[in-house]
Every structure is written in structure tokens, then in C-alpha cells.
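Structure record follows, encoded as C-alpha cells.
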Amino acid sequence: MSNNVEAILNQLRGVITSGDGEGVGVWLADLVGEPNKEAVNDAIRELSRMDASLIVYLARFISQHRAAAVAYPLLEDLLFEQVLASPDMLVEILASSNEVSEIDYYAYCIEALALEPAILGLETKLAAVSDEGLLITMLGAIAKIGFCQNPKNLADYLYASNRDIISAAIAALGSVGSHEAVQLLSERMGTDSEFDSFILDQFAEIQDQFCIEKLSETLASHITHVRNYGKAKLTAMGEKAIPVIIENLTSDDTDLVVHTLNVLGDIFDESAVKPIKNLLHNHPANANIRFAAYEALGRLPSQKVALALAEGLNDKDDNVRLAASRAINNNYSRMLGVGVKNLLHSSVFDSGKIIAAIVESESDNIFLDLLSEDEIREALFTYIREQAHSDVVKFFNVILAKNDRGDLLSFIQPKQQAEPKAKTLVYAIDDSRMILNIYRSALHKLGYEFKLFEFPETALQNIEKDAPEFVFTDMNMPLISGIDLTRKIRETHSIDELPIVMVTTQSEEDSKGDALAAGVTEVIGKPFNAEALKQAIDRNYKPK
Numbered sequence: 330m331s332n333n334v335e336a337i338l339n340q341l342r343g344v345i346t347s348g349d350g351e352g353v354g355v356w357l358a359d360l361v362g363e364p365n366k367e368a369v370n371d372a373i374r375e376l377s378r379m380d381a382s383l384i385v386y387l388a389r390f391i392s393q394h395r396a397a398a399v400a401y402p403l404l405e406d407l408l409f410e411q412v413l414a415s416p417d418m419l420v421e422i423l424a425s426s427n428e429v430s431e432i433d434y435y436a437y438c439i440e441a442l443a444l445e446p447a448i449l450g451l452e453t454k455l456a457a458v459s460d461e462g463l464l465i466t467m468l469g470a471i472a473k474i475g476f477c478q479n480p481k482n483l484a485d486y487l488y489a490s491n492r493d494i495i496s497a498a499i500a501a502l503g504s505v506g507s508h509e510a511v512q513l514l515s516e517r518m519g520t521d522s523e524f525d526s527f528i529l530d531q532f533a534e535i536q537d538q539f540c541i542e543k544l545s546e547t548l549a550s551h552i553t554h555v556r557n558y559g560k561a562k563l564t565a566m567g568e569k570a571i572p573v574i575i576e577n578l579t580s581d582d583t584d585l586v587v588h589t590l591n592v593l594g595d596i597f598d599e600s601a602v603k604p605i606k607n608l609l610h611n612h613p614a615n616a617n618i619r620f621a622a623y624e625a626l627g628r629l630p631s632q633k634v635a636l637a638l639a640e641g642l643n644d645k646d647d648n649v650r651l652a653a654s655r656a657i658n659n660n661y662s663r664m665l666g667v668g669v670k671n672l673l674h675s676s677v678f679d680s681g682k683i684i685a686a687i688v689e690s691e692s693d694n695i696f697l698d699l700l701s702e703d704e705i706r707e708a709l710f711t712y713i714r715e716q717a718h719s720d721v722v723k724f725f726n727v728i729l730a731k732n733d734r735g736d737l738l739s740f741i742q743p744k745q746q747a748e749p750k751a752k753t754l755v756y757a758i759d760d761s762r763m764i765l766n767i768y769r770s771a772l773h774k775l776g777y778e779f780k781l782f783e784f785p786e787t788a789l790q791n792i793e794k795d796a797p798e799f800v801f802t803d804m805n806m807p808l809i810s811g812i813d814l815t816r817k818i819r820e821t822h823s824i825d826e827l828p829i830v831m832v833t834t835q836s837e838e839d840s841k842g843d844a845l846a847a848g849v850t851e852v853i854g855k856p857f858n859a860e861a862l863k864q865a866i867d868r869n870y871k872p873k
């Protein structure tokens, strides 16, 4: 060790012993300014033999001379050793400090060492800090450690005027993940879509029973973006969410049941089949519930519930029959085939409506199996030839050709394609392909020109190229809801210029109010048929 360094070290020993904090800072600065790095490191090692009071001076010095800790990592190593041995001393230093740079460094130490015993001190210090950047750093340290003594200490920052502070508080409470923290986050929801989504991200990350229940509660939310984002998170969570959300199927809230069925279908796990079957067994009066149930079963392996599927073909609602037909088609078996044929041969049931459901839902497996039944085959061909849209005719042309039944193609060709009764161009937007099939059938029967869109963003692109004269849209769609879609359209097309009718299962007045405020012309309910669409167009469309 050089003479200069030795002399500085002796001075340091003296001022540390006497408690001269200012002197310690001066001599430490002189020490790290010495050119002989090896000698300086030797001196730092000697300092480690001092008593624990060194932590006070060393912490303050490094907080004010961060570059020194970079040049001499042993300094910070020495501090960290002493902090780990006496974490309460760092808490005392933090409590007594008012300098932003010092508090910032102490928060860094707590985060770097994952020092849970010091977290309460950090939480308490939050209330004395006004610097916004420092608050974000302190909340970030808590988030990194994932622990706090009292989540209520963080609650006020969920309502700060600075959005970055709010985000940091959400991340901190989400990382803590206790019931109390999750409840505080849940109470914050409902006023800002960005923060709501971020909070739901926290719940989806935690994935404990309580958080899954909180996500499940979003399915009953009156706020569209909360409901849709919650659905997306539950779907992404997969089968782990099913035991929680199937409890919703017993609810009296129709909208909640429908949204739950949507999620169960999207998760695509067989464990959801039995609860949905039990729901149908209770014969729900609401057609939207029955439709959503059959639509979900159409996405799931449902051969074990063949009877329930077959019963759906005799439902009194046209839309439900289409969904049931598609569910049967996707799970087709010999047993289901026998059930379908029995329904069509029976004089008790309306075979014409069942035929329409099979064709309009493009149920190819059922169609091919029924070709061996002469009377039924003729009924299918007649419907396709005389009532189906050209896209449906093309679909069954392909099916026959692919299955070596080209000999039957001539029997399904329309004699003459009817011209549209009106030149009015109608857009229909819904994320359910089954609903789009229903739109296609209804608008075709009404004689309108139309375009169907599964994705709202595609509809927005098309509006700029080929503007419609009327729009039907769903409310609950992922990424872009019907309300968001309406707002985008209203940026370029006024309510007088382009009527937008929202068609939804949602029954709450809040949702209807939000839609009308966004620029929707009218809200009508599902299920719908051609007559309902015609009446909506007649009420709201004024030909130019």
C-alpha cells in the first residue's frame, strides 16, 4: 500500500471513530482519487474491518459519488455486506434522508439485494417524497421484489395525476399479488381503458384462485373494454380458468352466461362440455344462451352429448338451429346421423327449417351423409338451388366435387341468379362466423348487396375504398369493440350520412348508452332474423 493511501486510510479510521461524517466523505473522496488502484482496493478491504457504523458513511458517500462505485466495485460490495448484516441501519438512513439522489440510491440497494426487511421503510418513505421520478423508482423497487408489508401504503398512487406513477403502482401491487393488493387494483378499474387492461394483465400473471375470480367478474362488467379484455385473458389462461368460470353458467345474468359460453368455446377444452350440456338440459328460455351454448359445443369435442346436439335442430329459433347444426357437423358420428335422419323423417318436426339450418350453416358432413336419403337429398338440393346465396352454392359445389359426387352438381345450380332488389350496400361485422352466416342468409333473402367482416379492422379498411350505406355491427369483439369501431367510423362519416345499428346480446342500459354516445344510430338485440334487419334498415336508412 502506498504512503499516501496509508495516510488517507489512517485519517479515515480517525474520523469514523470520532463520528465525523463530513470528514469521512472528504477522505473517501481523496482515497478513490488516488492513482494507485491496487492500493486503493487494499485500503477498501481494510475498511471492511471497521465496525458497522461505516454503513452510514459509505451509503451516503456512494449515493453522492456513483461513479466511484463503478470505478471501485469493492466499495459497493463492502456496503452490501454491511447492509445484509444490518438491514435496519439502511432503513434508519433512508428514514433520515431528504436528498433525492440519496433516497434513489437506497431504493436501488433495497431492490438489488431484494431486502424484504427494508420494504416497510421504503413504503413509509413514499409519503414523504414529492419527486415524481423518485416515486416511480421506489415503486419499481417494490415491484421488483414483489413484497410489501401494507399494500394500502401504495393505494394512493393508483390515483396520482402522473400516469407513469399510476402504472408503477399497478405493477407494484400486481407483483405483490396478495388478496388485499388485488382488491385494491380491482377497485381502481372502470375509468381508464389502458390502466384497466394493465390491471387485468396483473391478474392474468398471478393466476391464483382469487385473481381468476376477479377476471371472471369482468365477464359481468357493464364496461365493454373491461369485459372484452377480461374475456381475452381468460381465454389465454386456458383450462385453468374453467373450474372458476363454469360457476357463471348458473347465474341469472343472461349476458354473463353468454360471455362465459363464448370463453369456454374459445378455450377449447373438453372439460367444459359437461357443464354446457347441463345448462342445455335445463332448457334456458333465452335464445342467446342456447345459441352461445351450441356455438361453444361446435368448437369442442362433443360426441358424448349427441342427444343434446340433435335436440338443438328442433329449436324454435332459427339462429339456434344453425348453431346446433354446426355443432353436430363438427362432431358428426353415426349416432348423430341417425338422430338427424329421424328428425327429418318425422312428421312432428319442421323438416324445412332443419334443412335450412343444415344448408345455411354449411354443414358439409351432415349434407354428405344425407345424400343417400332420396327425399331428404331432394329437399337439400331444392333449398340450395332456390334459396341459398351464391357463396353457399359454391361451397356445396366444392364439397360435391371433392367427394367424387360431380354427378350431382347440376341438381344444385340455380336456374338464374336473381338480381339484388336494391342497390343499397350493407356491411355486417361480427367476430362469430356463425352470426355472419345468419347475416348472409337474411340479407340475401332481403335482396341487399352486402359485405361480411369477421375482423373490424378489415371493415374499416374497406369503408375507405367502398363505403356502405348501412352498417350492422356486434358490440363485443376482441381488439376493436363495436363501440370503438363506431367511433372510428364517425371520424369520417356522420350519423346522418351512415346509419350504424349495433346488434348485441348485451341487455344492460349502460352498454346501450355507451353505444349511442359513440355514434350508434340504434341498438337491437340478438337473436335476429331477416325481418328484424329489414325493420332496422327501414327505420334508419333514408335513400339518397
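Numbered according to the working numbering, the sequence shown spans residues 330 to 873. For each residue, glycine too, the CB sits at the ideal point set by N, CA and C. Since the model is a prediction, treat every value here as computed from it, not as a measurement.
Asked, Found
"Could you tell me whether the segment 500 to 512 touches the segment 464 to 480, using the rule of 3 or more Cβ pairs below 8 Å?", "yes"
"Are at least three pairs of beta-carbons, each pair with one atom in the segment 753 to 771 and one in the segment 731 to 743, less than 8 Å apart?", "no"
"Nearest-angstrom Cα distance between Val-830 and Met-467?", "49 Å"
"Quick check: the segment 348 to 356 against the segment 382 to 393, are at least 3 beta-carbon pairs closer than 8 Å?", "yes"
"Alpha carbons only, please: which of Asp-581, Ser-836, Val-587, Leu-593 is nearest the one belonging to Ile-571?", "Leu-593"
"Who are Ala-396's beta bridge partners in DSSP?", "Partner(s): none; Ala-396 has no beta bridge."
"Just checking my contact of Asp-760 with Glu-783 at CB under 8 Å: how many whole Å lie between their CB atoms?", "6 Å"
"Could you tell me the boundaries of the alpha helix (DSSP H) in which Met-418 lies?", "416 to 425"
"Hey, could you find the ends of the beta strand (DSSP E) Met-831 is sitting in?", "829 to 833"
"On the three-pair Cβ rule with 8 Å, is the segment 662 to 669 touching the segment 710 to 725?", "no"
"In chain order, which alpha helix (DSSP H) runs of at least 4 residues are fully inside the segment 508 to 564?", "508 to 517, 522 to 535, 538 to 546"
"What is the rounded straight-line gap between the Cα of Lys-874 and the Cα of Ala-436?", "Coverage of the chain is limited to positions 330 through 873, which leaves residue 874 absent and any answer about it impossible."
"Specify the secondary structure class of Ala-717 as computed by DSSP and reduced to three states.", "coil"
"Would Thr-520 and Asp-843 be called neighbours here (beta carbons separated by less than 8 Å)?", "no"
"Pull up the distance between the alpha-carbon of Asn-766 and that of Ala-653, whole angstroms please.", "13 Å"
"For Ala-616 versus Asn-658, is the C-beta distance shorter than 8 Å?", "no"
"Near Ile-705, what residues of its chain come up, given a Cβ to Cβ distance below 6 Å and the 5 sequence neighbours on each side ignored?", "Leu-673, Leu-699"
"With which residues is Phe-782 paired in a DSSP beta bridge?", "Ile-758"
"Expressed to the nearest angstrom, what Euclidean distance is found between the alpha-carbon atoms of Asp-530 and Asp-493?", "16 Å"
"For Glu-851, which of Arg-628, Arg-663, Thr-833 has the nearest alpha-carbon?", "Thr-833"
"Within 10 angstroms of the Cβ of Gly-567, are there 16 or more other Cβ atoms? Answer buried if so, exposed if not.", "exposed"
"Have a look at Ile-422, Asn-591, Pro-364, Arg-378 and flag the residue whose alpha-carbon is nearest the alpha-carbon of Arg-762.", "Asn-591"
"Who are the Cβ neighbours of Ala-656 in its own chain at under 6 Å, not counting the five residues just before and after it?", "Tyr-623, Leu-626, Gly-627, Leu-638"
"Quick check on Pro-743: buried or exposed, where buried means 16 or more other Cβ atoms within 10 Å of its Cβ?", "exposed"
"By the DSSP assignment, the alpha helix (DSSP H) with Ile-853 in it spans what residues?", "From DSSP, Ile-853 is part of no alpha helix (DSSP H) but of the beta strand (DSSP E) over 851 to 854."
"Does the segment 807 to 823 come into contact with the segment 715 to 733, if we say contact requires no fewer than three beta-carbon pairs (one atom in each stretch) closer than 8 Å?", "no"
"For Thr-815 and Ala-847, which I take to be in contact (beta-carbon distance under 8 Å), what is that distance rounded to the nearest angstrom?", "4 Å"
"Taking 8 Å as the threshold (C-beta atoms), are Tyr-870 and Pro-828 in contact?", "yes"
"Could you check whether Leu-578 and Lys-560 sit closer than 8 Å to each other, using their CB atoms as the reference points?", "no"
"Going by CA-CA distance only, name the one from Ser-676, Pro-364, Leu-383 that's closest to Gly-343.", "Leu-383"
"Taking Cβ to Cβ, would you say Gln-835 is nearer than 8 Å to Asp-584?", "yes"
"What is the rounded straight-line gap between the Cα of Leu-451 and the Cα of Cys-438?", "11 Å"
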